[in-house]
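Participant: If you scroll down you'll find the structure; I have some questions about it.
In this note's numbering, the protein residues as written are 468 to 799.
What follows is the structure in C-alpha coordinates.
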(Lines of atoms letter the chains of each structure in order from A and count residues from 1; the text may use other names and numbers.)
(Lines give C-alpha, C1' and ligand atoms only; values in the text may rest on other atoms or scores of the structure.)
Protein backbone atom coordinates (compact mmCIF):
# COMPACT_ATOMS: atom_id res chain seq x y z
CA UNK A 1 0.00 0.00 0.00
CA UNK A 2 1.08 3.60 -0.28
CA UNK A 3 0.30 7.00 1.17
CA UNK A 4 1.24 10.64 0.66
CA UNK A 5 2.25 12.72 3.66
CA UNK A 6 -0.45 15.39 3.97
CA UNK A 7 -0.96 17.95 6.69
CA UNK A 8 -0.84 16.51 10.17
CA UNK A 9 -2.56 13.20 9.34
CA UNK A 10 -0.93 10.23 11.01
CA UNK A 11 0.06 7.54 8.55
CA UNK A 12 0.15 5.11 11.44
CA UNK A 13 -3.65 5.28 11.63
CA UNK A 14 -3.90 3.65 8.18
CA UNK A 15 -1.90 0.58 9.16
CA UNK A 16 -3.82 -2.63 9.83
CA UNK A 17 -0.91 -4.95 10.63
CA UNK A 18 2.79 -5.04 11.34
CA UNK A 19 4.95 -3.20 8.81
CA UNK A 20 8.50 -4.41 8.22
CA UNK A 21 9.76 -1.90 5.64
CA UNK A 22 9.04 1.73 4.74
CA UNK A 23 10.25 3.51 1.60
CA UNK A 24 10.17 7.33 1.44
CA UNK A 25 11.00 9.88 -1.25
CA UNK A 26 11.21 13.44 0.12
CA UNK A 27 11.47 16.61 -1.99
CA UNK A 28 14.05 19.37 -2.04
CA UNK A 29 12.79 22.88 -1.50
CA UNK A 30 13.73 26.43 -2.41
CA UNK A 31 13.76 28.96 0.40
CA UNK A 32 12.87 32.15 -1.45
CA UNK A 33 13.27 34.71 1.30
CA UNK A 34 12.19 36.04 4.68
CA UNK A 35 9.47 38.65 5.17
CA UNK A 36 10.27 40.20 8.54
CA UNK A 37 13.62 40.17 10.31
CA UNK A 38 12.40 43.04 12.49
CA UNK A 39 10.06 41.15 14.79
CA UNK A 40 8.39 44.29 16.08
CA UNK A 41 4.89 42.81 15.77
CA UNK A 42 5.78 39.80 17.90
CA UNK A 43 6.61 37.46 15.05
CA UNK A 44 9.93 37.10 13.26
CA UNK A 45 11.15 35.72 9.94
CA UNK A 46 8.13 34.61 7.89
CA UNK A 47 9.31 32.50 4.96
CA UNK A 48 8.45 31.93 1.31
CA UNK A 49 9.31 28.60 -0.31
CA UNK A 50 8.62 26.03 -3.00
CA UNK A 51 8.85 22.23 -3.09
CA UNK A 52 10.78 20.81 -6.08
CA UNK A 53 10.35 17.56 -7.98
CA UNK A 54 14.12 17.03 -7.97
CA UNK A 55 16.56 16.51 -6.32
CA UNK A 56 15.10 14.16 -3.72
CA UNK A 57 16.10 12.17 -0.68
CA UNK A 58 15.13 8.52 -1.07
CA UNK A 59 15.51 5.95 1.69
CA UNK A 60 14.24 2.64 3.00
CA UNK A 61 14.03 1.67 6.67
CA UNK A 62 13.65 -2.03 7.54
CA UNK A 63 13.46 -4.02 10.72
CA UNK A 64 16.75 -5.80 11.41
CA UNK A 65 18.72 -7.74 14.00
CA UNK A 66 21.04 -4.80 14.61
CA UNK A 67 21.25 -1.14 13.61
CA UNK A 68 23.05 -0.40 10.34
CA UNK A 69 23.14 2.48 7.86
CA UNK A 70 24.34 2.33 4.28
CA UNK A 71 24.24 4.35 1.09
CA UNK A 72 24.84 8.09 0.96
CA UNK A 73 24.89 10.27 4.09
CA UNK A 74 25.64 7.24 6.29
CA UNK A 75 26.94 9.10 9.34
CA UNK A 76 24.32 11.83 9.21
CA UNK A 77 21.47 9.35 8.80
CA UNK A 78 22.76 7.01 11.52
CA UNK A 79 22.89 9.93 13.98
CA UNK A 80 19.34 10.96 13.12
CA UNK A 81 18.02 7.42 13.54
CA UNK A 82 19.74 7.10 16.91
CA UNK A 83 18.31 10.45 18.01
CA UNK A 84 14.75 9.54 17.02
CA UNK A 85 14.95 6.14 18.71
CA UNK A 86 16.00 7.74 21.97
CA UNK A 87 13.45 10.56 21.77
CA UNK A 88 10.57 8.21 20.92
CA UNK A 89 11.71 5.55 23.42
CA UNK A 90 12.05 2.88 20.73
CA UNK A 91 14.46 0.01 21.30
CA UNK A 92 14.09 -1.93 18.03
CA UNK A 93 16.87 -2.44 15.48
CA UNK A 94 16.79 -1.18 11.91
CA UNK A 95 18.60 -1.22 8.60
CA UNK A 96 18.61 2.22 6.96
CA UNK A 97 19.53 2.52 3.27
CA UNK A 98 19.72 6.05 1.83
CA UNK A 99 19.70 5.55 -1.94
CA UNK A 100 19.72 9.25 -2.88
CA UNK A 101 20.15 12.45 -0.90
CA UNK A 102 19.61 16.12 -1.62
CA UNK A 103 23.05 17.80 -1.78
CA UNK A 104 24.09 19.01 1.65
CA UNK A 105 24.63 22.71 2.42
CA UNK A 106 23.45 23.75 -1.05
CA UNK A 107 20.39 25.72 0.05
CA UNK A 108 17.92 22.95 -0.86
CA UNK A 109 16.83 21.77 2.58
CA UNK A 110 18.77 18.51 2.74
CA UNK A 111 18.98 18.23 6.52
CA UNK A 112 15.28 18.71 7.20
CA UNK A 113 14.18 16.29 4.48
CA UNK A 114 16.61 13.57 5.58
CA UNK A 115 15.58 13.93 9.22
CA UNK A 116 11.85 13.97 8.49
CA UNK A 117 12.11 10.99 6.13
CA UNK A 118 13.90 8.94 8.79
CA UNK A 119 11.54 10.04 11.55
CA UNK A 120 8.39 9.35 9.53
CA UNK A 121 9.75 5.96 8.42
CA UNK A 122 10.46 5.01 12.02
CA UNK A 123 7.13 6.15 13.41
CA UNK A 124 5.33 4.38 10.55
CA UNK A 125 7.10 1.11 11.30
CA UNK A 126 6.24 1.43 14.98
CA UNK A 127 2.74 2.87 14.39
CA UNK A 128 3.40 5.86 16.63
CA UNK A 129 0.89 8.71 16.53
CA UNK A 130 3.24 11.64 16.09
CA UNK A 131 3.10 14.29 13.37
CA UNK A 132 5.87 15.44 11.07
CA UNK A 133 5.82 18.78 12.88
CA UNK A 134 6.44 17.05 16.20
CA UNK A 135 9.23 15.00 14.63
CA UNK A 136 10.86 18.19 13.39
CA UNK A 137 10.82 19.58 16.92
CA UNK A 138 12.45 16.38 18.20
CA UNK A 139 15.36 16.81 15.80
CA UNK A 140 15.57 20.59 16.23
CA UNK A 141 14.31 21.53 12.75
CA UNK A 142 11.88 24.27 11.82
CA UNK A 143 12.81 26.80 14.49
CA UNK A 144 12.91 29.69 12.01
CA UNK A 145 11.06 28.38 8.97
CA UNK A 146 8.28 25.88 8.27
CA UNK A 147 9.04 25.63 4.55
CA UNK A 148 10.90 22.32 4.80
CA UNK A 149 8.16 20.69 6.85
CA UNK A 150 5.45 22.02 4.55
CA UNK A 151 7.34 20.75 1.50
CA UNK A 152 7.53 17.32 3.12
CA UNK A 153 3.88 17.25 4.14
CA UNK A 154 2.07 18.84 1.20
CA UNK A 155 4.48 20.27 -1.39
CA UNK A 156 3.51 23.32 -3.40
CA UNK A 157 4.26 27.01 -2.93
CA UNK A 158 4.24 27.92 0.74
CA UNK A 159 4.33 30.99 2.99
CA UNK A 160 4.66 30.69 6.76
CA UNK A 161 3.70 33.31 9.34
CA UNK A 162 6.99 33.49 11.17
CA UNK A 163 8.02 32.44 14.63
CA UNK A 164 5.96 33.87 17.46
CA UNK A 165 6.53 33.72 21.18
CA UNK A 166 4.83 30.34 21.48
CA UNK A 167 4.81 28.95 17.94
CA UNK A 168 7.53 26.53 16.98
CA UNK A 169 7.42 25.82 14.12
CA UNK A 170 5.81 28.80 12.39
CA UNK A 171 2.27 28.29 11.07
CA UNK A 172 1.71 27.87 7.34
CA UNK A 173 -0.52 30.77 6.23
CA UNK A 174 -0.61 30.01 2.49
CA UNK A 175 -0.17 26.90 0.40
CA UNK A 176 -0.91 26.91 -3.34
CA UNK A 177 -0.16 24.74 -6.33
CA UNK A 178 2.78 25.77 -8.48
CA UNK A 179 1.88 26.12 -12.19
CA UNK A 180 2.48 22.84 -14.00
CA UNK A 181 3.95 24.48 -17.11
CA UNK A 182 6.49 26.68 -15.34
CA UNK A 183 10.04 25.48 -14.91
CA UNK A 184 12.80 26.40 -12.47
CA UNK A 185 16.40 26.66 -13.61
CA UNK A 186 18.75 25.62 -10.80
CA UNK A 187 22.37 26.72 -10.97
CA UNK A 188 24.52 24.68 -8.59
CA UNK A 189 28.11 25.14 -7.44
CA UNK A 190 29.36 21.77 -6.12
CA UNK A 191 32.64 23.31 -4.96
CA UNK A 192 31.00 25.65 -2.43
CA UNK A 193 28.90 25.16 0.67
CA UNK A 194 26.39 27.62 2.04
CA UNK A 195 26.64 28.98 5.57
CA UNK A 196 25.52 26.28 8.03
CA UNK A 197 25.88 24.93 11.55
CA UNK A 198 27.35 27.17 14.23
CA UNK A 199 28.30 29.76 11.61
CA UNK A 200 24.65 30.02 10.57
CA UNK A 201 23.49 30.37 14.16
CA UNK A 202 26.03 33.14 14.74
CA UNK A 203 25.03 34.88 11.51
CA UNK A 204 21.37 35.06 12.56
CA UNK A 205 22.37 36.29 16.01
CA UNK A 206 24.39 39.12 14.47
CA UNK A 207 21.84 40.33 11.90
CA UNK A 208 21.20 44.06 12.03
CA UNK A 209 17.52 43.48 11.45
CA UNK A 210 15.14 45.13 9.03
CA UNK A 211 13.37 48.41 9.48
CA UNK A 212 9.58 48.21 9.76
CA UNK A 213 9.44 49.93 6.37
CA UNK A 214 11.58 47.22 4.73
CA UNK A 215 9.48 44.45 6.24
CA UNK A 216 6.31 46.24 5.20
CA UNK A 217 7.55 46.52 1.63
CA UNK A 218 8.37 42.80 1.52
CA UNK A 219 4.95 41.84 2.86
CA UNK A 220 3.27 44.14 0.34
CA UNK A 221 5.25 42.57 -2.52
CA UNK A 222 4.26 39.12 -1.33
CA UNK A 223 0.58 39.85 -0.70
CA UNK A 224 -0.19 42.27 -3.52
CA UNK A 225 2.02 40.96 -6.33
CA UNK A 226 3.73 37.61 -5.76
CA UNK A 227 0.79 35.49 -4.57
CA UNK A 228 -1.83 36.94 -6.93
CA UNK A 229 0.57 36.42 -9.83
CA UNK A 230 1.15 32.82 -8.76
CA UNK A 231 -2.58 32.13 -8.61
CA UNK A 232 -3.22 33.87 -11.95
CA UNK A 233 -0.14 32.18 -13.47
CA UNK A 234 1.31 35.56 -14.41
CA UNK A 235 5.00 34.69 -14.47
CA UNK A 236 6.18 38.22 -15.33
CA UNK A 237 4.69 39.79 -12.21
CA UNK A 238 5.59 36.75 -10.13
CA UNK A 239 9.20 37.07 -11.22
CA UNK A 240 9.32 40.83 -10.72
CA UNK A 241 8.09 40.53 -7.13
CA UNK A 242 10.41 37.65 -6.31
CA UNK A 243 13.50 39.40 -7.68
CA UNK A 244 12.73 42.47 -5.57
CA UNK A 245 12.22 40.33 -2.46
CA UNK A 246 15.52 38.59 -3.11
CA UNK A 247 17.39 41.89 -3.45
CA UNK A 248 16.14 43.20 -0.11
CA UNK A 249 16.69 39.94 1.77
CA UNK A 250 20.06 39.33 0.15
CA UNK A 251 21.41 42.61 1.48
CA UNK A 252 20.56 41.50 5.02
CA UNK A 253 22.78 38.43 4.73
CA UNK A 254 25.55 39.90 2.59
CA UNK A 255 28.00 40.40 5.47
CA UNK A 256 27.66 36.80 6.67
CA UNK A 257 28.16 35.21 3.25
CA UNK A 258 30.54 37.67 1.63
CA UNK A 259 28.01 39.35 -0.65
CA UNK A 260 24.41 39.05 -1.78
CA UNK A 261 25.40 35.84 -3.59
CA UNK A 262 27.38 33.04 -1.94
CA UNK A 263 28.92 32.06 -5.29
CA UNK A 264 30.01 34.77 -7.75
CA UNK A 265 30.04 32.13 -10.48
CA UNK A 266 26.41 31.23 -9.82
CA UNK A 267 25.53 34.92 -9.78
CA UNK A 268 27.05 35.41 -13.23
CA UNK A 269 25.09 32.55 -14.81
CA UNK A 270 21.79 33.43 -13.14
CA UNK A 271 22.11 37.03 -14.29
CA UNK A 272 22.79 35.82 -17.83
CA UNK A 273 19.56 33.85 -17.57
CA UNK A 274 17.76 37.06 -16.66
CA UNK A 275 19.34 38.80 -19.66
CA UNK A 276 17.91 36.03 -21.83
CA UNK A 277 14.40 36.42 -20.44
CA UNK A 278 14.23 34.37 -17.24
CA UNK A 279 12.49 36.01 -14.27
CA UNK A 280 12.45 35.73 -10.50
CA UNK A 281 16.18 35.29 -10.05
CA UNK A 282 17.85 34.72 -6.71
CA UNK A 283 19.57 32.39 -4.29
CA UNK A 284 17.91 29.71 -2.20
CA UNK A 285 18.57 30.13 1.52
CA UNK A 286 22.34 30.48 2.13
CA UNK A 287 23.07 29.06 -1.30
CA UNK A 288 25.16 28.54 -3.18
CA UNK A 289 22.32 27.27 -5.40
CA UNK A 290 20.77 29.99 -7.54
CA UNK A 291 17.49 29.90 -9.43
CA UNK A 292 15.47 31.51 -12.20
CA UNK A 293 11.93 30.90 -13.44
CA UNK A 294 10.72 30.39 -17.01
CA UNK A 295 7.23 29.78 -18.45
CA UNK A 296 7.73 26.43 -20.19
CA UNK A 297 9.92 23.40 -20.83
CA UNK A 298 10.76 24.69 -24.31
CA UNK A 299 12.07 27.99 -22.93
CA UNK A 300 14.00 26.11 -20.25
CA UNK A 301 15.61 23.83 -22.83
CA UNK A 302 16.64 26.80 -24.97
CA UNK A 303 18.10 28.63 -21.99
CA UNK A 304 20.01 25.52 -20.94
CA UNK A 305 21.59 25.13 -24.36
CA UNK A 306 22.56 28.79 -24.44
CA UNK A 307 24.38 28.71 -21.09
CA UNK A 308 25.54 25.18 -20.32
CA UNK A 309 28.98 25.70 -21.88
CA UNK A 310 29.50 28.88 -19.85
CA UNK A 311 28.39 27.03 -16.73
CA UNK A 312 30.75 24.12 -17.32
CA UNK A 313 33.69 26.49 -17.74
CA UNK A 314 32.89 27.74 -14.23
CA UNK A 315 32.46 24.18 -12.88
CA UNK A 316 28.75 24.77 -12.36
CA UNK A 317 25.74 22.57 -13.02
CA UNK A 318 22.38 23.60 -14.46
CA UNK A 319 19.22 21.59 -13.78
CA UNK A 320 15.72 22.10 -15.13
CA UNK A 321 13.15 21.18 -12.48
CA UNK A 322 9.44 21.42 -11.81
CA UNK A 323 7.53 22.43 -8.74
CA UNK A 324 6.14 19.54 -6.72
CA UNK A 325 2.52 19.88 -5.67
CA UNK A 326 2.44 16.96 -3.26
CA UNK A 327 4.53 16.01 -0.30
CA UNK A 328 6.80 13.09 0.37
CA UNK A 329 5.76 9.74 -1.09
CA UNK A 330 5.57 6.92 1.43
CA UNK A 331 5.26 3.23 0.62
CA UNK A 332 5.04 0.34 3.05
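No residue lacks a Cβ here, since even glycine has one placed at the ideal position from N, Cα and C.
Predicted model only: the values in this text are computed from it and were never measured.
So what's residue 695 in DSSP terms, helix, strand or just coil?
Facilitator: Within the chain shown, the letter at position 228 stands for residue 695. Secondary structure of residue 695 (DSSP, three-state): helix.
Participant: Between the alpha carbons of residue 628 and residue 485, how many angstroms are there, rounded?
Facilitator: Residue mapping note: residue 628 aligns to position 161 of the chain shown, counting from 1. Residue mapping note: residue 485 aligns to position 18 of the chain shown, counting from 1. The straight-line gap from Cα to Cα measures roughly 38 Å.
Participant: If I measure Cβ to Cβ from residue 729 and keep anything under 7 Å in the same chain, skipping five residues before and after, which residues do I get?
Facilitator: Residue mapping note: residue 729 aligns to position 262 of the chain shown, counting from 1. So the qualifying residues of the chain are 659, 661, 750, 753, 754 and 755.
Participant: Roughly how many whole angstroms lie between the Cα atoms of residue 568 and residue 718?
Facilitator: The residue you call residue 568 lines up with position 101 of the chain shown. The residue you call residue 718 lines up with position 251 of the chain shown. Going from the Cα of residue 568 to the Cα of residue 718 covers about 30 Å.
Participant: Within 10 Å of its beta-carbon, does residue 525 have 16 or more other beta-carbons around it, so buried, or fewer, so exposed?
Facilitator: To locate residue 525, count along the chain shown from 1; it is residue 58. Counting Cβ neighbours within 10 Å, residue 525 comes out buried, since at least 16 surround it.
Participant: If we ignore side chains and look at the alpha-carbon of each, how far apart do residue 789 and residue 654 end up?
Facilitator: In the chain shown, the residue the question calls residue 789 occupies position 322. In the chain shown, the residue the question calls residue 654 occupies position 187. Taking the straight line joining both Cα atoms gives about 14 Å.
Participant: For residue 766, which of helix, strand or coil comes out of DSSP?
Facilitator: Taking the chain shown and counting its residues from 1, the one referred to as residue 766 is at position 299. Reduced to three states, the DSSP call for residue 766 is helix.
Participant: When we look at the beta-carbon of residue 722 and count the other beta-carbons within 10 Å, is it buried (16 or more) or exposed?
Facilitator: Translated into positions along the chain shown, residue 722 becomes position 255. Classification for residue 722: exposed.
Participant: Touching or not, the segment 580-591 and the segment 522-542, by the rule of three or more beta carbon pairs under 8 Å?
Facilitator: For the pair of segments examined, the segment 580-591 was found to touch the segment 522-542: the number of CB pairs separated by less than 8 Å reaches three.
Participant: With a threshold of 7 Å on Cβ separation, who are the neighbours of residue 538 within its own chain once the five nearest residues in sequence on each side are excluded?
Facilitator: For the purposes of this step, residue 538 is taken as the residue at position 71 of the chain shown. Correct list, in chain order: 564, 565 and 566.
Participant: Given this structure, state the Cα-to-Cα distance separating residue 487 from residue 602, to the nearest angstrom.
Facilitator: The count along the chain shown starts at 1 and reaches residue 487 at position 20. The count along the chain shown starts at 1 and reaches residue 602 at position 135. Rounded to whole angstroms, residue 487 to residue 602 spans 20 Å at the Cα level.
Participant: Short check: CB of residue 621 to CB of residue 512, under 8 Å?
Facilitator: On the chain shown, residue 621 is found 154 positions in, with the first residue counted as 1. On the chain shown, residue 512 is found 45 positions in, with the first residue counted as 1. No, they are not a contact pair.
Participant: Mind checking residue 558: buried by the 16 CB within 10 Å criterion, or exposed?
Facilitator: If you number the chain shown from 1, residue 558 lands on position 91. Exposed is the call here.
Participant: To the nearest angstrom, how far is it from the Cα of residue 782 to the Cα of residue 561?
Facilitator: Position 315 of the chain shown, counting from 1, holds the residue named residue 782. Position 94 of the chain shown, counting from 1, holds the residue named residue 561. Roughly 39 Å separates the two Cα atoms.
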